[in-house]
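A.B. asks: This is the structure I want to talk about, given as structure tokens.
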Amino acid sequence: MTRAPHDPTRAPHDPTRAPHDPTRAPHDPTRAPHDPTRAPHDPARAPLRRTVVDIVGAPFHAIWSPEDGALRAAGFATEADPEARSLEARLRAADPTAAERGIADASAGAAAPADPVAEALRAYASGEVAAIDALAVRQVETPFRGDVWRALRGVRAGRAVTYTELAALAGRPSAVRAAASGCANNLVALVVPCHRIVRADGGLGGYLFGVGLKERLLRHEGALQHELPLG
1 MTRAPHDPTR APHDPTRAPH DPTRAPHDPT RAPHDPTRAP HDPARAPLRR TVVDIVGAPF
61 HAIWSPEDGA LRAAGFATEA DPEARSLEAR LRAADPTAAE RGIADASAGA AAPADPVAEA
121 LRAYASGEVA AIDALAVRQV ETPFRGDVWR ALRGVRAGRA VTYTELAALA GRPSAVRAAA
181 SGCANNLVAL VVPCHRIVRA DGGLGGYLFG VGLKERLLRH EGALQHELPL G
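Sequential numbering of the sequence shown, starting at 1, is according to full-length UniProt numbering.
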């Protein structure tokens with residue numbers, strides 16, 4: 001057998017070097033090098049969660065942040081929008097980060113996190129109407145709009161107020177139109193309870209998800225003891 005001539009440029013044998021492992025994957029020159037400064041997984045970028053619970057005979061969709069359990073949007077499915085897609089669209093328009101994160105079913109996956117939102121909503125549906133009062137809410141707000149939403153949350157189940165009364169509760173009695181606008185731009189129905197707004201003449205007034213559903217909610221909460229005019 002002919003031996004290869006000595007190569008003076010070859011590195012000398014290193015007895016401390018691990019032997020070649022033929023099962024080890026070859027080096028991938030396209031792989032990005034490890035970055036020790038890279039931030040770990042950020043839970044605030046994880047997909048938002050969607051919970052669906054039947055309330056007074058209608059599917060109620062709630063979209064919430066898994067990192068803090070805060071509701072970002074909530075509303076009822078309707079005959080015209082059975083999957084509540086308009087709710088997602090309104091959320092993405094109000095908060096671009098929602099589009100970046102996406103939305104996942106809260107029950108998806110074997111390792112799905114606990115769902116405190118579903119627990120509170122089911123309790124409300126079963127008659128514990130104060131169960132939703134402690135749910136956290138996070139919406140993009142202007143100063144007065146935020147005051148209106150907080151005032152609305154102070155109107156407890158079993159009560160109903162007018163826009164004039166709501167404006168006063170929010171600290172600006174003359175800002176009745178602004179109070180109405182705050183309700184119209186509320187993304188978290190039921191928990192920020194714009195269904196508890198009634199007309200000054202005692203009528204139910206309108207509701208995004210239908211006046212019939214509004215009446216059922218108020219009866220469920222014990223706010224209606226007799227028939228009120230619809231519309």
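All C-beta atoms in this analysis are idealised placements derived from N, C-alpha and C, irrespective of residue type, glycine included.
Find the nearest neighbour of L169 within the set F144, D68, V188, V191, judged by alpha-carbon distance.
C.D. replies: Looking only at F144, D68, V188, V191, the smallest Cα-Cα distance to L169 is reached by F144.
A.B. asks: Work out the CA separation of A134 and V161 for me, nearest whole Å.
C.D. replies: 21 Å
A.B. asks: Check the DSSP bridge columns for R49 and list the partner residues they point to.
C.D. replies: W64, A104.
A.B. asks: Compare the C-alpha of A77 against each of A118, Q139, G210, L121 and name the closest.
C.D. replies: G210
A.B. asks: Enumerate in chain order the residues of its own chain whose CB-to-CB distance from A189 is below 6 Å, with the five nearest sequence positions on each side excluded.
C.D. replies: A74, G75
A.B. asks: Going along the chain, which residues of its own chain have a beta-carbon closer than 7 Å to the beta-carbon of P82, five neighbours each way excluded?
C.D. replies: none
A.B. asks: Going by DSSP, what residue range makes up the alpha helix (DSSP H) through residue 235?
C.D. replies: Since the first and last residues shown for the chain are 1 and 231, residue 235 lies out of range.
A.B. asks: Roughly how many whole angstroms lie between the Cα atoms of V137 and A70?
C.D. replies: 5 Å
A.B. asks: In the DSSP output, what is V161 paired with across the bridge?
C.D. replies: I197
A.B. asks: Distance, Cα to Cα, A98 vs L48?
C.D. replies: 7 Å
A.B. asks: Which residue from Y163, G154, L121, V148 puts its Cα closest to that of G205?
C.D. replies: Nearest of Y163, G154, L121, V148 to G205, Cα basis: Y163.
A.B. asks: What are the boundary residues of the alpha helix (DSSP H) that includes L91?
C.D. replies: 85–94
A.B. asks: Using the Cβ count rule (16 or more neighbours within 10 Å means buried), how would you classify P66?
C.D. replies: buried
A.B. asks: Whole angstroms is fine: what's the gap from A120's alpha carbon to A131's?
C.D. replies: 5 Å
A.B. asks: Could you check what DSSP says for D81 in three-state terms: helix, strand or coil?
C.D. replies: D81 falls in the coil class under three-state DSSP.
A.B. asks: Whole angstroms are fine: how far does the CA of P96 sit from the CA of residue 239?
C.D. replies: The requested residue 239 does not occur in the structure, where the chain is confined to residues 1 to 231.
A.B. asks: In three-state DSSP terms, what is V137?
C.D. replies: Here V137 sits in strand by DSSP.
A.B. asks: Distance check for A179 and V198, CA to CA, integer angstroms please.
C.D. replies: Roughly 13 Å separates the two Cα atoms.
A.B. asks: Among E141, R159, R85, which has the Cα closest to the Cα of H220?
C.D. replies: Closest in alpha carbon position to H220, among E141, R159, R85, is R159.
A.B. asks: May I ask you to report which of helix, strand or coil DSSP gives A170?
C.D. replies: coil
A.B. asks: List the DSSP bridge partners of P59.
C.D. replies: D54
A.B. asks: Who are the near neighbours of V148 in its chain, counting only those whose CB is closer than 6 Å to its CB and skipping five residues on each side?
C.D. replies: A170, A179, G182
A.B. asks: Of all the options R172, L213, L152, which has the alpha carbon lying nearest to the alpha carbon of P193?
C.D. replies: By alpha-carbon distance to P193, the top candidate from R172, L213, L152 is L152.
A.B. asks: Are the CB atoms of E215 and L224 within a distance shorter than 8 Å?
C.D. replies: Yes.
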